Amino acid sequence: MFIDTHAHLNYPDIVKNIDEVLTRAQDSGVETIIVPATNYRTSLEIVELAGKHKMLYAAVGIHPTDLNDFEESHLAGIEELAKENKVKAIGEIGLDYYWEPYDKELEAGILTAQLRIAKRNGLPVILHNRNSTADLMRIVKDEYENGKLKGQFHSFSAGIAEAAECIKMGFYISFTGNITYKPNEFTYLSYEIVKNTPAEHLLLETDTPYLPPVPYRGKQNEPSYIKHTAQKIAELKEMSVEELGRITTENAKRLYGL
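Here the sequence shown is numbered in the working numbering, starting from 1466 and rising by one per residue.
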């Protein structure tokens, strides 16, 4: 019924209980989970993890806040991993201007290199954006190549106009459990974006272990909680959770070749 397109299941607290976490996910209607990496080391770990569990698939890549140990050779390593059978995306990649210090030029260069790895290998990208909307959109447009670049803007945090641009380019957008939080400026904006985005361009995600939905706020998130986010989005779309689950599952299968 559901595909969780973004769950960091390689974290130690989760890995040690992975069988229980996956059982709870399946009991909640989750059939598939995509696990994104944040650097070359975690890319290796996640490919290994996905190989052990049928319902898991990997995304490999270098996150903009995880560049302290970056080496140029890691990009070649990511490209090699991209050829593995259970690797379905390049991610989590993008730009982040929130955590200081940050190097805009370095982030942009590593992002661009990974977008090109994705295109060379026919894979979608999973994009991270924090306080970097203008630069991220510019780079994505520069690398778009008439649809050769495809992917998902995860934990969408840009505006209505940017959402429309993403949809026009054929990208998908997703929201985490924070869309279930007490209404504020961000959630109201998210509501409007969900309402204005065709269901055929929406995906579901948890961003485990972060941003758990109500009623689990304050606890460690996990894929089994995705139904609460789905319920809120279905309410905003004025459709049943079952219909939203069906459409978003088809979307994920189409984008990620599942």
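From the three backbone atoms N, C-alpha and C, an ideal C-beta is built for every residue, glycine too.
Computed from a predicted structure; not experimentally measured.
Short check: CB of ALA1554 to CB of PRO1589, under 7 Å?
-> Along the sequence shown, read from residue 1 onward, the residue named residue 1554 stands at position 89. Along the sequence shown, read from residue 1 onward, the residue named residue 1589 stands at position 124. Yes. Within cutoff.
Who are the Cβ neighbours of GLU1627 in its own chain at under 8 Å, not counting the five residues just before and after it?
-> The residue labelled residue 1627 in the question sits at position 162 within the sequence shown. Around GLU1627: THR1598 and MET1602.
Would you say the stretch 1509-1517 touches the stretch 1484-1496, given that touching needs at least three Cβ pairs under 8 Å?
-> Judged by Cβ distances under 8 Å, the stretch 1509-1517 makes no contact with the stretch 1484-1496, as fewer than three pairs qualify.
Exposure of ALA1651, with buried meaning 16 or more beta-carbon neighbours within 10 Å | Here the question's residue 1651 lines up with position 186 in the sequence shown. Reading off the sequence shown, one finds Phe at residue 1651, where the question assumed Ala. PHE1651 is exposed by the Cβ-count criterion.
Look at the alpha carbon of ILE1691 and the alpha carbon of ASP1469, and state the distance between them as a whole number of angstroms.
-> Locating residue 1691 in the sequence shown gives position 226, where the first residue counts as 1. Locating residue 1469 in the sequence shown gives position 4, where the first residue counts as 1. Going by the C-alpha atoms only, they are around 7 Å apart.
Boundaries (first-last residue) of the beta strand (DSSP E) holding ARG1682 | Within the sequence shown, the letter at position 217 stands for residue 1682. For ARG1682, no beta strand (DSSP E) segment is defined, and its DSSP state is neither H nor E.
Beta-carbon separation (whole angstroms), ASN1475 vs THR1507, contact threshold 8 Å = Here residue 1475 refers to the residue found at position 10 of the sequence shown. Here residue 1507 refers to the residue found at position 42 of the sequence shown. Going by Cβ atoms, the distance from ASN1475 to THR1507 rounds to 6 Å, so yes, they are a contact pair.
Terminal residues of the alpha helix (DSSP H) in which LYS1553 lies = Numbered from 1 along the sequence shown, position 88 holds the residue referred to as residue 1553. It is not in any alpha helix (DSSP H) - LYS1553 instead sits in the beta strand (DSSP E) that spans 1552-1561.
Which whole-angstrom value describes the C-beta separation of LEU1560 and LEU1546, a residue pair presumed to lie in contact below a C-beta threshold of 8 Å?
-> Taking the sequence shown and counting its residues from 1, the one referred to as residue 1560 is at position 95. Taking the sequence shown and counting its residues from 1, the one referred to as residue 1546 is at position 81. In fact, because the Cβ distance is near 22 Å, the residues do not count as touching under 8 Å.
Around the Cβ of VAL1480, are there at least 16 other Cβ atoms within 10 angstroms (buried) or fewer (exposed)?
-> Residue mapping note: residue 1480 aligns to position 15 of the sequence shown, counting from 1. It is exposed - the Cβ of VAL1480 has fewer than 16 other Cβ atoms within 10 Å.
On the DSSP bridge assignment, give the partners of ILE1591 in chain order.
-> Residue numbering aside, residue 1591 sits at position 126 when the sequence shown is read from its first letter. ILE1591 pairs with GLN1617.
Who are the near neighbours of LYS1551 in its chain, counting only those whose CB is closer than 8 Å to its CB and skipping five residues on each side?
-> Your numbering for residue 1551 matches position 86 in the sequence shown. Same-chain partners within the cutoff: VAL1512, ALA1515, GLY1516, LEU1521, TYR1522 and ALA1523.
Answer with buried or exposed for ASP1672, where buried requires no fewer than 16 other C-beta atoms within 10 angstroms of its C-beta.
-> Residue mapping note: residue 1672 aligns to position 207 of the sequence shown, counting from 1. Flag for ASP1672 reads buried.
May I have a chain-ordered list of the beta strand (DSSP E) segments no shorter than 3 residues that lie completely inside the stretch 1488-1529?
-> Taking only runs of at least 3 residues, the beta strand (DSSP E) segments lying wholly in the stretch 1488-1529 are 1495-1501 and 1521-1525.
Ends of the alpha helix (DSSP H) at SER1655?
-> Within the sequence shown, the letter at position 190 stands for residue 1655. SER1655 -> alpha helix (DSSP H) spans 1650-1661.
Exposure of ASN1643, with buried meaning 16 or more beta-carbon neighbours within 10 Å = Along the sequence shown, read from residue 1 onward, the residue named residue 1643 stands at position 178. Taking every protein chain shown into account, the CB of ASN1643 has 16 or more other CB atoms within 10 angstroms, so this residue is buried.
Contact set for LEU1676: own chain, Cβ-Cβ below 8 Å, skip 5 residues either direction | As a working mapping, residue 1676 is identified with position 211 in the sequence shown. Excluding residues up to 5 positions away in sequence, SER1620, THR1641, GLY1642, ASN1643 and ASN1686 lie with their Cβ nearer than 8 Å to the Cβ of LEU1676 in the same chain.
Does the stretch 1629-1636 come close enough to the stretch 1564-1572 to have 3 or more Cβ pairs within less than 8 Å?
-> Contact between the stretch 1629-1636 and the stretch 1564-1572 is absent, with fewer than three C-beta pairs closer than 8 Å.
Do TYR1429 and LEU1668 have their C-beta atoms closer together than 7 Å?
-> Absent from the structure is residue 1429, since the part of the chain shown begins at 1466 and ends at 1723.
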